[in-house]
Amino acid sequence: MAESIKGPSPLLNKFDGSELRVAIVHARWNHLVIDALVKGAVAKLKESNVKEHNIIIQSVPGSFELPMACSKVIAASQIQASATATDLMGAAGALLSLDPTPAPVLSSSSPASNQPFDAVIAIGVLIKGSTMHFEYICDAVSHGLMKVQLDTGTPVIFGVLTALTDDQALERAGLGRGENKGHNHGEDWGLAAVEMGSRARGWA
Ligand code: DLZ
1 MAESIKGPSP LLNKFDGSEL RVAIVHARWN HLVIDALVKG AVAKLKESNV
51 KEHNIIIQSV PGSFELPMAC SKVIAASQIQ ASATATDLMG AAGALLSLDP
101 TPAPVLSSSS PASNQPFDAV IAIGVLIKGS TMHFEYICDA VSHGLMKVQL
151 DTGTPVIFGV LTALTDDQAL ERAGLGRGEN KGHNHGEDWG LAAVEMGSRA
201 RGWA
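Okay, so the sequence shown: first residue is 1 according to the UniProt record's numbering, each after it adds one.
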C-alpha cells in the first residue's frame, strides 16, 4: 500500500514553551485511549520547554463537557491573573508611598503560576455506537470548542478523536492492536498548543 500523504508538514520554527502556561482538559470516557493521548501531549509540551508546574491537567466526565470546562478554566485563570496584577500594583504603590526610592521590579522572567493560560488542549475520545448520540456530541463539541477560542481569544487545541471504531481510536493514540501501532495524536496537540500559545502572544 502507498504511504499516506496525510499530516502536518514538519515545523520550520521550533517554538519555545518556556514562558507558556498550558491547561489540558480531558474527558474520562474511553480512558485507556485518553491516558495515552494526555501522555503524548504532556511529553511534547515538556520537550518544548513548558515547565511542569505550568502544565495544569483537569478532567470532566465526557467530551460533551469539554467546551464548558475549557471556557471556565480560561476565565478563572484570567480573573486570577488580573486580581494578582491589582494586588501587585497596590503593593508597589504602598512601597512607593513609604519610600521615595524606585519600586522593586515585580515581574519575573519565568512564567508566574497565576498568569492566564496561553493555550488549552481539550482531549476527548468519541467512538460511534449504534445511535445518533455520536453525531450530536461530535457536532456540539467541535462547535463549542471553536466558540470558546474565538470568544476568549485563547487558543483551544482540538484534541477530540471522532472514531468510527475502537481500532481507529487506538491507532490514533499509538495503541494499535495490529502490526501498525499508529501515531499518538496527543503529541501533535502538545506541539500545536506551544505554537498557538506563542503566536497568540504576538497577536495580543
Ligand atoms: C454518553 C456518552 C457516550 C455514549 N459516549 C461517549 C464517548 O464515546 N466519548 C465521550 O467522551 N463521552 C461519551 N459519553 C458521555 C457524554 O460526553 C457526556 O459526558 C454525557 O452525556 C453527560 O453530559
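No residue lacks a Cβ here, since even glycine has one placed at the ideal position from N, Cα and C.
(Q) I'd like the span of the alpha helix (DSSP H) that includes T152, first residue to last. (A) Taking the sequence shown and counting its residues from 1, one reaches residue 152 at position 152. Taken as a continuous stretch (DSSP letters only), the alpha helix (DSSP H) holding T152 covers H133 to T152.
Q | Alpha-carbon spacing of I74 relative to E179, whole angstroms | A | Along the sequence shown, one-based indexing puts residue 74 at 74. Along the sequence shown, one-based indexing puts residue 179 at 179. It is roughly 40 Å from the alpha-carbon of I74 to the alpha-carbon of E179.
Q. Is there contact here, the segment 57-67 with the segment 17-27, by at least three beta-carbon pairs under 8 Å?
A. Yes, since at least three Cβ pairs between the segment 57-67 and the segment 17-27 fall closer than 8 Å, the two stretches touch.
Q) Are there 16 or more other CB atoms within 10 angstroms of the CB of P10, so buried, or fewer, so exposed? A) Along the sequence shown, read from residue 1 onward, the residue named residue 10 stands at position 10. The residue in question, P10, is exposed, as its Cβ has fewer than 16 Cβ neighbours within 10 Å.
Q.
Any heavy atom of the ligand DLZ closer than 6 Å to the beta-carbon of S142?
A. Here the question's residue 142 lines up with position 142 in the sequence shown. Closer than 6 Å to some heavy atom of the ligand DLZ: that does not describe the Cβ of S142.
Q.
Closer than 6 Å to a non-hydrogen atom of the ligand GTP - does that hold for the CB of I127?
A. Looking at this structure, you won't find the ligand GTP anywhere; what it does contain is the ligand DLZ.
Q: With DSSP collapsed to three states, give me the class of S107.
A: Numbered from its first residue, the sequence shown carries residue 107 at position 107. Caution applies to S107, whose pLDDT of 37 falls short of 50 and renders its modelled position unreliable; the value that the coordinates give is listed next. Secondary structure at S107: coil, using DSSP grouped into helix, strand and coil.
Q. Using 8 Å as the threshold, is the segment 44-55 in touch with the segment 189-204, meaning 3 or more CB pairs across them?
A. Contact holds between the segment 44-55 and the segment 189-204, because three or more Cβ pairs, one in each stretch, are under 8 Å apart.
Q: Count the CB pairs spanning the segment 153-171 and the segment 123-133 that are closer than 8 Å, and state whether there are at least three.
A: The segment 153-171 and the segment 123-133 touch, with no fewer than 3 CB-CB distances between them shorter than 8 Å.
Q) If you measure from the CB of F15, is any heavy atom of the ligand DLZ nearer than 6 Å? A) As a position in the sequence shown, residue 15 is number 15, starting the count at 1. Between the ligand DLZ and the CB of F15, the shortest heavy atom gap is not smaller than 6 Å.
Q. What does a CB cutoff of less than 8 Å around H185 pick up in its chain, not counting 5 residues either side in sequence?
A. Start at 1 with the first residue of the sequence shown, and residue 185 comes out as number 185. Around H185: L37, G40, G159, L161, R172 and A173.
Q: Name the two residues that bound the continuous alpha helix (DSSP H) containing V194.
A: Position 194 of the sequence shown, counted from the first residue, corresponds to residue 194. Annotation for V194: the continuous alpha helix (DSSP H) segment containing it runs H185 to W203.
Q | Near the ligand DLZ: S63 beta-carbon under 6 Å from a heavy atom | A | Here residue 63 corresponds to residue number 63 of the sequence shown, with the count starting at 1. It does: the Cβ of S63 is within 6 Å (strictly closer) of some heavy atom of the ligand DLZ.
**Q.** Per-residue DSSP class, three states only, for L20
**A.** Residue mapping note: residue 20 aligns to position 20 of the sequence shown, counting from 1. DSSP places L20 in the coil class of the three-state scheme, outside both helix and strand.
Q: Rounded to whole angstroms, what's the CA-CA distance from T154 to A2? Just pull it up for me.
A: Residue 154 sits at position 154 when you count from the first residue of the sequence shown. Residue 2 sits at position 2 when you count from the first residue of the sequence shown. When only Cα atoms are considered, T154 and A2 end up about 39 Å apart.
(Q) With distance defined between alpha-carbon atoms, name the residue in K181, F117 and S142 nearest to L66. (A) By 1-based counting over the sequence shown, the position of residue 66 is 66. Ranked by how close their Cα comes to the Cα of L66, the residues K181, F117 and S142 have S142 in first place.
Q: Look at the Cβ atom of K44, then the Cβ atom of E195, and state whether they are nearer than 7 Å.
A: Along the sequence shown, one-based indexing puts residue 44 at 44. Along the sequence shown, one-based indexing puts residue 195 at 195. No; because the gap between Cβ atoms is not below 7 Å, this pair is not in contact.
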